[in-house]
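S.K.:
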Amino acid sequence: PVTAVAAASAASPARPAAAPWRVGIQRLALEGGRVGWTDETLRPVARWRVDGLTLTGSGLNWPLVAKAAPVEIAATLGTEGEASPATVSGKGQVGAAGIALDWALKDLALDGLAPYLKAATPLSVRGRFGTQGTVRAGPNGEHLTLSLKALTLDGVALADGGKPVLALKQLSLDQAELALDDRRLSAGKLALVAPQAHLGRDKAGKWSWEAWRGASAPSSGAGAATASRRRVTEARGDRLTLEPPEAREVAAASTPAAPWTAQVAEITVEGGEATLLDLATHVLDDEPARPIGLQELALRLSGVEWDGRQLRKPLPVQLSATLRRPDATRRNLREVPKFRWDGQLALSPLKLSGKVSAEHLPLHWADPYLDPSIGIHLQRAEGSMRGAFELTETAKGPSVTAGGDVLIADLRLRQARLQEGRRRSAEELLSWQGLKLGGLRLALAPGGAPDLKIQQAVLDEFYARLIVNEQGRLNLRDLNQTEQGQAVAAVAGTAAASAPVATTVAQATSAPVPTPAAAAASSAAGQPPLRLSIAETRLNGGKVDFNDRFIKPNYSANLSELTGTLGAFSAGSAEMAPLQLKGKVEGTGLLDISGRLNPSGAPLALDITASATDIELAPLSPYAGKYAGYAIERGKLSTRVHYEIEPGGRLQADNKIVLNQLTFGDRIDSPTATKLPVKLAVALLKDRDGVIDVNLPVSGSLNDPEFSVGGLVVKLIVNLLTKALMSPFSLLSGGGGAEMSQLEFKPGTAALQPEAAKKLEPLNRVLADRPALQLSITGWVDPAAERRAAQAARLEEALLAERRRELRRAAVTQAAGPAAAASAAPDAPLVLDDAQRARLLKAVYDNAKLPGKPRNFIGLTKDIPAEQMRELLMDSYTVTDEQLRELALQRAVAVRDALIERGVSNARMFLASPKLHAKDDERGADKDKPWQPRVDLALSAQ
1 PVTAVAAASA
11 ASPARPAAAP
21 WRVGIQRLAL
31 EGGRVGWTDE
41 TLRPVARWRV
51 DGLTLTGSGL
61 NWPLVAKAAP
71 VEIAATLGTE
81 GEASPATVSG
91 KGQVGAAGIA
101 LDWALKDLAL
111 DGLAPYLKAA
121 TPLSVRGRFG
131 TQGTVRAGPN
141 GEHLTLSLKA
151 LTLDGVALAD
161 GGKPVLALKQ
171 LSLDQAELAL
181 DDRRLSAGKL
191 ALVAPQAHLG
201 RDKAGKWSWE
211 AWRGASAPSS
221 GAGAATASRR
231 RVTEARGDRL
241 TLEPPEAREV
251 AAASTPAAPW
261 TAQVAEITVE
271 GGEATLLDLA
281 THVLDDEPAR
291 PIGLQELALR
301 LSGVEWDGRQ
311 LRKPLPVQLS
321 ATLRRPDATR
331 RNLREVPKFR
341 WDGQLALSPL
351 KLSGKVSAEH
361 LPLHWADPYL
371 DPSIGIHLQR
381 AEGSMRGAFE
391 LTETAKGPSV
401 TAGGDVLIAD
411 LRLRQARLQE
421 GRRRSAEELL
431 SWQGLKLGGL
441 RLALAPGGAP
451 DLKIQQAVLD
461 EFYARLIVNE
471 QGRLNLRDLN
481 QTEQGQAVAA
491 VAGTAAASAP
501 VATTVAQATS
511 APVPTPAAAA
521 ASSAAGQPPL
531 RLSIAETRLN
541 GGKVDFNDRF
551 IKPNYSANLS
561 ELTGTLGAFS
571 AGSAEMAPLQ
581 LKGKVEGTGL
591 LDISGRLNPS
601 GAPLALDITA
611 SATDIELAPL
621 SPYAGKYAGY
631 AIERGKLSTR
641 VHYEIEPGGR
651 LQADNKIVLN
661 QLTFGDRIDS
671 PTATKLPVKL
681 AVALLKDRDG
691 VIDVNLPVSG
701 SLNDPEFSVG
711 GLVVKLIVNL
721 LTKALMSPFS
731 LLSGGGGAEM
741 SQLEFKPGTA
751 ALQPEAAKKL
761 EPLNRVLADR
771 PALQLSITGW
781 VDPAAERRAA
791 QAARLEEALL
801 AERRRELRRA
811 AVTQAAGPAA
821 AASAAPDAPL
831 VLDDAQRARL
841 LKAVYDNAKL
851 PGKPRNFIGL
861 TKDIPAEQMR
871 ELLMDSYTVT
881 DEQLRELALQ
891 RAVAVRDALI
901 ERGVSNARMF
911 LASPKLHAKD
921 DERGADKDKP
931 WQPRVDLALS
941 AQ
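If you use UniProt numbering, the sequence shown corresponds to residues 1 to 942, in order.
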């Protein structure tokens, strides 16, 4: 007999053990067996059937003997009424060494699992499952090992209300082994072929997978719970031992189970697809939301080793896919959006790294996710990249480094407006053919600002459009506004348009400009800082269109063929980057901008020179009629401006304006036109060739609350007209009247210095261009300060005269050639070196009849130091006030002669009486600045 003995029944009296039963079966055969399974605890009720059950065996013995007995089993398995049930087969051996059974399950329909899966998900399931392998165990069930030669799932599909949401063409697992005692799983290859996922989100923002979760499964009955707590601990001979549940719980508590380990040689995914239809996005112009798709998804993981807590080593990963809208036709294969990642994956801590490549990624798919208040519509953009990255999870957060080359191509950005809560497409705003970012390096550290470095940024064939609308508002100011803000701005713009220009100008000039510190603080509060540095930026083939719909008639202009470079700069650095930009204005005018600036604006600093030439004035006639009261018939404009802003906020600007053949037309009655006599001002500014050439310097501080760009523009215009009427000399001198009115000389001399001669060039141009002007020239001298300098000049003339005598004597005695004769010419300029100067000084000293000249004891001239000779000679020269007055006159003559050499008529120049400088002359000298010999220039009308 077989008895069951509880392990904890220590109180039962001991009795002699009976001899064990021995059972032997020569042949065992079971055919045509049937087993039915009905589970009415489920809804719907689960009904399974095992039919055609066949079991055969021979040489079976109990207790098990050394010689293994062969056994075979076969049957069909399926749900009740299923036409094509699965087949089950097994063949193996049973003996004292253990059990070994090869088995196979083919074509099991997954539909029958629906009652069991309903508690987990409401999705319906279909597909086929098959597997074959071997199970091995010891004679008492120990060392249970399950080996799988193959496991397959075919044609799996999960549907929601008949609509497929998840699908899998095939899943296969081969060479798998499950060791229960060792808690170890190993496999050769896990492959998924053509997995599919159809995801979505409704207008309320609920994702489709949220409805795929079912209710929790009901708990099992008490009897099942109790039975599950007992297990067989011994089955030997006639003894069957059940472990008490309490003992099992104590053992589990004292000896925690070892973690499962797993090894998979390779995991692959081929032909994967995923689609997403998001109805909760901000679509444009009431267009229906379009799905986006991921196709040709391929994944390969190699050498997966799991030690129960983490991966033993990083996994080599290969991931690639293409992107395509499911409702779109396939484009040229060379333009199919695709990406690829070849790298490594590690867990605990998470770490991703490797090489990444992406081509033609449709960045405009992100447009519906843009905040509507931004006011832009990303109509089209493609992104490509080749590079590498590394992401590491740390205790403080993720750390990322990435580098490579990035291309954003075929960008088309339009303005978008909110109307009744809906996005509406508006005018074109920005586009380009390509933005290339070469040598990009990005670093993100926990708690730190992003660090972005770019070796070269190249923008090709870009286009930008600026529009002033009917309310006088620039289109860029409508960006990043709510619908209410746009409406308020439109009303404010209409009111401003209907107000007099004086009021508008007053508002513009009184509006304070935020200081650089305040602007930087506001920017820092609104967005995270970015440490950006770019080594070089290039612009190729740009175009900017400007359209003013506020002015009547409307005005349009464009800048084209814009090319240029910007040098290296870094955000937050005070270093300025060199800038070069060239282009055309209205197809014919030339634009040239050069200089240096700090693109980061922290601190704001620049030193820029810009020029535009040959700009037609006729198209500007709408502005002339509105603000000057006259239409423009013809003319051309050329400008050259220089703006310098110091880091402290100080602005210094020069604005050179040249108007060529400006001709006004008929008078236009405009309430906003100036009351100044415009035509008279233009007549004063024009030269003999019909050209107006003026320079308006402007200076100020950006930190001044009263400073504004509008006030600066008004100041330029008013100064231009006012100076033309009230101060023509200052205006015509190009803003350098004070410098041009005085020419400095060296003390004691009347020779025009090179620095002073340079100042005559602009004056010469003014006199040549305006024949009605005449010039007064006044020489100055300071008797007290220049007398000694005049004596030094006399000595210098004596040295030069002595040198000329030497050259003449050498030419006569040596019969020198033409070169020597030329050098001996009286008027030839001479330059003395130190040796010559020392020799000539002694010669002049020896020839001079100086009273009190030092002599030796025999009466000959005594050799004395050069400095003493120099002092004695200078003391011998008498310089009277009249000679100094003549010096002042000679200075004026030198200036006059220099202007005559430059083509100025002598009849237009007048020498004034020389002036002697006293301690305080009548012009009010600067007492803190040493007085400098000079010539004063004054302009007057004929």
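Don't be surprised by glycine CBs; every beta carbon is placed ideally from N, CA and C.
1. Can you list, in chain order, the residues of its chain whose CB lies under 6 Å from that of R538, leaving out five sequence neighbours each side?
2. From the DSSP secondary-structure annotation, give me the bridge partner or partners of L444.
3. Please state if the CB of K675 and the CB of W780 are separated by a distance shorter than 9 Å.
4. If we ignore side chains and look at the alpha-carbon of each, how far apart do Q661 and A907 end up?
5. On a Cα-Cα basis, can you pick out the residue from G81, A29, T38, V50 that is closest to S58?
6. Taking all protein chains shown into account, decide if D782 is buried (16 or more other Cβ within 10 angstroms of its Cβ) or exposed.
7. Let me confirm a value: E273 is counted as buried when at least 16 other C-beta atoms fall within 10 Å, else exposed. Which label applies?
8. For W780, which beta-bridge partners are listed by DSSP?
9. Span of the beta strand (DSSP E) holding K582?
10. For the pair the stretch 88–99 and the stretch 173–189, tell me if three or more CB-CB distances fall below 8 Å.
11. Assuming contact is defined by CB atoms lying nearer than 9 Å, are A179 and L146 in contact in what I supplied?
12. By the DSSP assignment, the beta strand (DSSP E) with G625 in it spans what residues?
13. Which residue from L276, W306, L284, G542 puts its Cα closest to that of G293?
14. Hey, G617 and V585 are a contact pair by Cβ (cut 8 Å); roughly how many whole angstroms apart?
15. Check each candidate in K118, G33, N61, R49 and name the one with the smallest Cα separation from V23.
16. Please state whether DSSP places I73 in a helix, a strand or coil.
17. Within a Cβ cutoff of 6 Å, which residues of the same chain sit near I692, ignoring the five residues on either side of it in sequence?
18. Using the Cα positions of A912 and Q753, report the straight-line distance between them to the nearest angstrom.
19. Hey, how far is the Cα of R788 from the Cα of G903?
20. Within the same chain, show all residues whose beta-carbon is closer than 6 Å to that of A191, passing over the 5 residues directly before and after it, in chain order.
21. Does L30 come out as helix, strand or coil in the three-state DSSP assignment?
22. Going by beta carbon distance, what residues of the same chain come within less than 6 Å of S220, once the five residues before and after it are set aside?
23. Three-state secondary structure (DSSP) at E40?
24. From L939 to I376, what does the alpha carbon distance come to, in whole angstroms?
25. Pick helix, strand or coil for V23, following the three-state DSSP scheme.
26. Might you give, ordered along the chain, the residues of its own chain that have their beta carbon closer than 8 Å to the beta carbon of R803, omitting 5 neighbours on each side?
27. Is there a Cβ from chain D that is less than 9 Å from the Cβ of L113?
28. Pick out whichever of Q310, V304, R309, D327 has its Cα sitting closest to the Cα of K317.
29. Going by DSSP in three states, W62 sits in which element: helix, strand or coil?
30. Measuring CB atoms only, is the stretch 335–349 touching the stretch 307–324, in the sense that at least three cross pairs come out at less than 8 Å?
31. Within 10 Å of its beta-carbon, does K206 have 16 or more other beta-carbons around it, so buried, or fewer, so exposed?
32. Within this structure, are the beta carbons of S594 and A610 separated by less than 9 Å?
33. Do G133 and K106 have their CB atoms nearer than 9 Å?
34. Among G32, R325, G308, which one has its Cα closest to the Cα of T54?
35. So is Y630 buried or exposed if we call it buried at 16+ other beta carbons inside 10 Å?
36. Do you know offhand how far S124's Cα is from Y463's?
M.R.: Let me lay it out:
1. V458, T565
2. V400
3. no
4. 29 Å
5. A29
6. buried
7. buried
8. K915
9. 577–585
10. no
11. yes
12. G625 -> not in any beta strand (DSSP E); alpha helix (DSSP H) instead, spanning 621–627.
13. L276
14. Looking at the sequence shown, residue 617 is not Gly but Leu. Wrong, their Cβ atoms sit about 12 Å apart, outside the cutoff.
15. N61
16. strand
17. L659, L685, K686
18. 21 Å
19. 36 Å
20. S172, T268
21. strand
22. In this prediction, S220 has a pLDDT of 43, which is less than 50 and means its spatial position is unreliable; nothing more can be read from the coordinates.
23. coil
24. 58 Å
25. strand
26. L830, L832, Q836, L840
27. No chain D is part of this structure, which consists of one protein chain only.
28. The sequence given here has Val at residue 317, not Lys. Comparing Cα positions, the closest option is V304.
29. strand
30. yes
31. exposed
32. yes
33. no
34. G32
35. buried
36. 53 Å
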